[in-house]
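Asker: Supplied in structure tokens, the structure appears directly below.
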Amino acid sequence: MLYRKLGNTGEKVSILGYGCMRLPVLDGVPDKIDEAKATALLRDAIDHGVNYVDAAYSYHGGMGEVFLGKALAEGYREKVHLATKLSCKRVNCKEDMDRFLNEQLEKLQTDCIDFYLLHAVKKSYWEKLKRFGVTEFLERARAAGKIKYTGFSFHDELDVFKEVVDAYPWDLCQIQLNYLDEDFQAGIEGLKYAAEKGLAVVVMEPLRGGNLASKVPEEARMVWDRARIKRSPAEWAFRYLWDYPEVSVVLSGMSEPEHLKENLRIAEEGHSSSLSAEEKSLIREVKEIYRARIKVNCTACKYCMPCPSGVNIPRNLSYLNDVFMLDDVANARFQYGVLLSPEEKAGNCVECGECEEVCPQNIKIREMLKEVKEFMED
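In the working numbering, the protein residues as written are 179 to 556.
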């Protein structure tokens, strides 16, 4: 495992971090974590050098932190830098911040959280938290020994990102970045801006919700096949990120043993500034192939769920992307018809708009669901 300096904190962290948003579950139920499988995966990762674990209050219906409290027992808590997040969405008064933090400490079975982040910061959340005195709360929590370092994860425009970075002496930020999202949200400019300010940068969505590793367009595979050094699509995506010295940690939600095994192998070669000009050119070429095909900028983060009408929004949008990225309408229609229950389908959308209010990607979900219905049902 390779390690990098985490901003100005002085900490050394594994370049591969364990993201706990997509732990293995039982019967497809998000809050029913397969604890035996997930514990084995997490501990195996730690035993192989992964020392950054990322959670949040909302992951797995609030059960993610409960799971981690148990999984990090027997000495594993001392081996990792534990990060979790305050739910900006759920904070409705000043007192909520202390209440949530105390609850999280109890769930995680720890006296101190190493990295405490504001979750999914966007303009409206930031304005709300400022009114509640969020920076004063962070200072109190740090002084009390409840948290060690502060940070925020981010889903909004670049100007908002810079505003938040400049508002407080943060230790780190967490941004969405991959070779398709260089100019999306914080993007590369935000990466460099934060690093210049001394913040560590943790990257989420390196595979665009898995899309860059699976169902790869044939044109993209042909480009990868031209490379002198053969790599899997996932490896190209990770190596792209680790090539930036400003990136400290890349998170991966590893829900299967083969995911972990491959990512550990890939991380052995994740040195900064190690890609050749020829390899960077291939990545740009694949990027243009995807950008020419993708329809919806959805990463399946599930912030839009649950839908009041029962629509499975991320799954519907994924089938729409399959049509455009894979040029396979028949297979998309088959999966739509077989894998979605009647109430989960796009046609049940009543256009209430609640999903669009919380979507980190600012997707016009109602319009997209109409398009899904047109492709899959009409």
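Ideal Cβ placement from N, Cα and C applies to all residues, glycine included.
It should be emphasised that the depicted structure is a prediction, and the values quoted were computed from it without experimental measurement.
If you follow the alpha helix (DSSP H) that Ser-451 is part of, which residue opens it and which one closes it?
Answerer: In the DSSP annotation of this structure, Ser-451 is not part of any alpha helix (DSSP H), being labelled neither H nor E.
Asker: Using CA atoms only, rank isn't needed, just tell me which of Tyr-514, Asn-186 and Ser-487 is closest to Tyr-497.
Answerer: Tyr-514
Asker: When burial is assigned at 16 or more other CB atoms within 10 Å of the CB, is Ser-392 buried or exposed?
Answerer: Burial call: exposed.
Asker: If you count every other CB in all the chains shown that lies within 10 Å of the CB of Ala-378, and 16 or more means buried, which is it?
Answerer: buried
Asker: Suppose contacts are defined by Cβ-Cβ distances below 8 Å. Is Val-464 in contact with Ala-398 by that definition?
Answerer: In this structure, Ala-398 lies closer than 8 Å to Val-464 by Cβ.
Asker: Out of Phe-245, Ala-216, Ser-450 and Asn-389, which one is the CA nearest neighbour of Glu-434?
Answerer: Ala-216
Asker: Let me make sure I understand the geometry here. Which of Asn-186, Met-179 and Leu-438 has the alpha-carbon closest to that of Lys-375?
Answerer: Of Asn-186, Met-179 and Leu-438, the residue nearest in Cα terms is Asn-186.
Asker: By DSSP, does Arg-567 sit in helix, in strand, or in coil?
Answerer: A query on residue 567 cannot be resolved here, the shown segment of the chain reaching from 179 to 556 and no further.
Asker: Report the start-end ranges of each alpha helix (DSSP H) in the stretch 467–545 that is 4 residues or longer and not cut off at the edges.
Answerer: 491–504, 507–517 and 532–536
Asker: Of the choices Glu-529, Cys-533, Glu-535 and Ala-524, whose alpha-carbon is the least far from that of Phe-549?
Answerer: Checking the sequence shown, residue 549 turns out to be Glu, not Phe. Answer by Cα proximity: Ala-524.
Asker: Check each candidate in Arg-443, Glu-383 and Ile-461 and name the one with the smallest Cα separation from Trp-578.
Answerer: The displayed coordinates of the chain run from 179 to 556. Any statement about residue 578 would go beyond what the structure contains.
Asker: Measure from the alpha carbon of Val-507 to the alpha carbon of each residue in Cys-271, Met-554, Ser-450 and Ser-487, then state which is nearest.
Answerer: Met-554
Asker: Which stretch, first to last residue, makes up the beta strand (DSSP E) that contains His-238?
Answerer: Looking at the DSSP string, His-238 is not in any beta strand (DSSP E), and its letter there is neither H nor E.
Asker: When you compare the CB positions of Val-244 and Cys-198, do they come within less than 8 Å of one another, or not?
Answerer: Cβ distance not < 8 Å, so Val-244 and Cys-198 don't count as in contact.
Asker: Could you give the DSSP three-state label for Met-382: helix, strand or coil?
Answerer: Met-382: strand per DSSP, three-state reduction.
Asker: Between which two residues does the alpha helix (DSSP H) carrying His-437 extend?
Answerer: 435–445
Asker: With a threshold of 8 Å, are at least 3 pairs of Cβ atoms found where one atom belongs to the stretch 442–453 and the other to the stretch 469–479?
Answerer: no
Asker: Starting from Ile-291, trace the beta strand (DSSP E) both ways and give me its first and last residue.
Answerer: 291–299
Asker: How is Thr-288 classed by DSSP in three states: helix, strand or coil?
Answerer: DSSP, read as helix, strand or coil, puts Thr-288 in coil.
Asker: Please tell me whether Ile-224 and Val-428 are closer than 8 Å, where the distance is taken between their beta carbons.
Answerer: In this structure, Val-428 does not lie closer than 8 Å to Ile-224 by Cβ.
Asker: Name the residue from Leu-369, Pro-208, Thr-288 and Leu-358 whose alpha carbon lies nearest to the alpha carbon of Leu-336.
Answerer: Leu-369
Asker: Among Leu-495, His-449, Glu-314 and Ile-491, whose alpha-carbon lies nearest the alpha-carbon of Cys-533?
Answerer: Ile-491
Asker: For Asp-421, tell me which candidate among Glu-314, Lys-542, Cys-351 and Tyr-357 has the shortest Cα-Cα distance.
Answerer: Tyr-357
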